[in-house]
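Contents: one structure, followed by commentary.
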Amino acid sequence: AQSVTQLGSHVSVSEGALVLLRCNYSSSVPPYLFWYVQYPNQGLQLLLKYTSAATLVKGINGFEAEFKKSETSFHLTKPSAHMRDAAEYFCAVRSYNNNDMRFGAGTRLTVKP
Amino acid sequence: GAGVSQSPRYKVAKRGQDVALRCDPISGHVSLFWYQQALGQGPEFLTYFQNEAQLDKSGLPSDRFFAERPEGSVSTLKIQRTQQEDSAVYLCASSLGQDVSYEQYFGPGTRLTVT
Chain E
382 AQSVTQLGSH VSVSEGALVL LRCNYSSSVP PYLFWYVQYP NQGLQLLLKY TSAATLVKGI
442 NGFEAEFKKS ETSFHLTKPS AHMRDAAEYF CAVRSYNNND MRFGAGTRLT VKP
Chain Z
184 GAGVSQSPRY KVAKRGQDVA LRCDPISGHV SLFWYQQALG QGPEFLTYFQ NEAQLDKSGL
244 PSDRFFAERP EGSVSTLKIQ RTQQEDSAVY LCASSLGQDV SYEQYFGPGT RLTVT
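In the order they appear, the protein sequences are chains E and Z. Residue numbering for the first sequence follows this note's numbering, starting at 382 and increasing by one per position. Residue numbering for the second sequence follows this note's numbering, starting at 184 and increasing by one per position.
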């Protein structure tokens with residue numbers, strides 16, 4: 382069975398500050414991990430994914446995430462927040478032999494001017 | 184190019200009514216997924232198609248939920264005798280293939296409210 386847990390349903394940062402959104406996973410097989418962003422009234426957009434290559438993954442819009450097997454974590458970071466980063470962020474896990482992608486409950490990021 | 188589109192964007196149904204939700208995937212995408220997203224939650228997998236074949240329907244919550252993709256392109260998710268607990272956003276996603284390396288592209292969703 383696979384699952385992800387996102388710590389913190391709401392995160393608020395000031396513009397220009399570091400963004401850190403936490404995700405821990407549970408998987409009995411090597412996982413593939415994803416971060417998606419969802420803007421209001423829009424579908425999910427893939428930010429980045431880990432598929433067993435480099436453990437530090439760079440994505441779009443300046444985001445990156447590091448896969449840490451020892452900590453079962455895949456936290457999302459961005460050095461400097463922009464107002465346009467305000468959205469809902471979802472971490473997800475999937476195995477190579479499974480169609481079922483499991484999403485976390487999401488973290489709403491607010492960026493203060 | 185066009186992305187995944189879904190219609191209607193909003194649907195209000197009275198309890199007990201049947202509803203049909205449509206998904207138009209990206210042209211040429213073999214794989215199509217349906218998800219249910221309850222308020223304040225992440226999406227939950229419902230079912231998966233490869234072309235016209237429904238290969239996985241393990242996430243469908245009850246036999247009131249039915250999905251089809253008869254010509255391997257457009258898909259319809261049908262919910263019979265809707266209940267209040269069916270209120271959610273229904274997301275459709277498509278990808279070039281089933282393999283996990285292929286990105287899933289999501290539509291904007293259909294928000295279903297059952298009154």
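Where a beta carbon is used, it is the ideal one built from N, C-alpha and C, also for glycine.
- Residues of chain Z with a Cβ closer than 8 Å to the Cβ of Gly440(E) do not exist; the shortest Cβ-Cβ separation is about 12 Å.
- When the alpha-carbon of Gln281(Z) is set against those of Arg247(Z), Ser214(Z) and Ile262(Z), the nearest one is in Ser214(Z).
- DSSP places Ala462(E) in no beta strand (DSSP E); its state is neither H nor E.
- Within the region 221–290 of chain Z, the runs of beta strand (DSSP E) that reach at least 3 residues and sit entirely inside it are, in chain order, 227–233, 236–239, 248–251, 258–262 and 271–278.
- Under the DSSP assignment, Lys194(Z) falls in the beta strand (DSSP E) whose first and last residues are Tyr193 to Ala196.
- In this structure, the CA atom of Gly255(Z) is about 8 Å from the CA atom of Phe232(Z).
- Against chain Z, the CB of Ala446(E) has no partner CB under 8 Å away; the residue lies outside that interface.
- Per DSSP, Leu399(E) has no beta bridge partner at all.
- With contacts defined as CB atoms closer than 8 Å, Pro412(E) and Tyr420(E) fail to qualify as a contacting pair.
- Interface annotation, Leu490(E): not in contact with chain Z, CB-CB separation never under 8 Å.
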